[in-house]
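Residue numbers (the working numbering): 234 to 431.
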């Protein structure tokens with residue numbers, strides 16, 4: 234297969250649990266509760282859009298295209314259907330079979346993307362203020378993709394963490410490409426804001 238014809242698949246992991254405020258563990262463990270214990274996970278597989286021409290590449294257009302694709306799938310019947318499939322597998326074949334199904338889907342993706350909601354106000358652990366936090370799915374068996382990306386917005390600061398398969402790529406070159414991509418996105422977004430206000 235030629236490299237120009239290859240496509241990358243992005244797996245977006247979503248927690249579909251309804252958050253109705255904080256609950257006591259005892260309440261979450263009650264049968265028939267509206268806020269059951271545990272996470273309700275669904276996922277979307279999205280093909281990463283390919284830039285049409287590298288010379289006229291607009292990073293903001295690329296991101297908006299990916300966002301549109303994710304929003305379209307998120308608002309379709311895909312999420313409820315995946316949720317029902319996972320629940321059916323768990324109910325009739327057990328939690329281990331459901332976990333294997335999720336793992337198989339993870340293995341067939343090049344990139345994993347997830348985010349977590351963090352408080353807007355500063356939190357503390359043992360009376361020590363938490364300045365920032367990250368999260369990652371670690372371990373080869375947990376995250377078999379070549380690249381895993383997680384994002385946390387905490388106290389109006391976005392923190393992005395990336396995990397890359399050992400030996401998959403040159404980390405210094407990858408870091409340089411990321412810094413360049415963030416700079417291109419910042420410049421494109423700044424131009425877009427200026428243009429919108431004129």
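For every residue, glycine included, the Cβ atom is placed at its ideal position computed from N, Cα and C.
Cutoff 7 Å; reference residue i; Cβ partners in own chain excluding five residues on either side
i, result
"residue 356", "363"
"residue 332", "none"
"residue 296", "418"
Through-space distance from residue j to residue i, alpha-carbon basis
i, j, result
"residue 330", "residue 352", "34 Å"
"residue 386", "residue 323", "32 Å"
"residue 298", "residue 305", "11 Å"
"residue 417", "residue 291", "8 Å"
"residue 408", "residue 309", "35 Å"
"residue 307", "residue 278", "10 Å"
"residue 405", "residue 365", "24 Å"
"residue 389", "residue 302", "26 Å"
"residue 265", "residue 394", "37 Å"
"residue 318", "residue 335", "11 Å"
"residue 411", "residue 260", "44 Å"
"residue 341", "residue 401", "16 Å"
"residue 361", "residue 325", "46 Å"
Strand pairing of residue i, partner residues [DSSP]
i, result
"residue 244", "278 and 345"
"residue 392", "385"
"residue 352", "Answer by DSSP bridge pairing: none, since residue 352 is not bridged."
"residue 362", "357"
"residue 380", "344 and 397"
Distance CB(residue i)-CB(residue j) smaller than 7 Å
i, j, result
"residue 327", "residue 381", "no"
"residue 241", "residue 379", "no"
"residue 293", "residue 421", "yes"
"residue 281", "residue 243", "yes"
Close beta carbons around residue i, own chain, < 6 Å, minus the five adjacent residues each side
i, result
"residue 275", "247, 249, 312, 315 and 316"
"residue 369", "383, 394 and 396"
Own chain residues within Cβ distance below 8 Å of residue i, not counting five before or after
i, result
"residue 180", "A question about residue 180 goes unanswered here, because the residues of the chain that appear run from 234 up to 431."
"residue 367", "383, 385, 392 and 394"
"residue 374", "Residue placement at residue 374 is flagged as unreliable, the pLDDT there being 48, under the threshold of 50; a coordinate-derived value is accordingly withheld."
"residue 348", "383, 384, 385 and 386"
Residue-level contact to chain B via CB, residue i, 7 Å cutoff
i, result
"residue 418", "The chain labelled as chain B is not found in the depicted structure, where only one protein chain is given."
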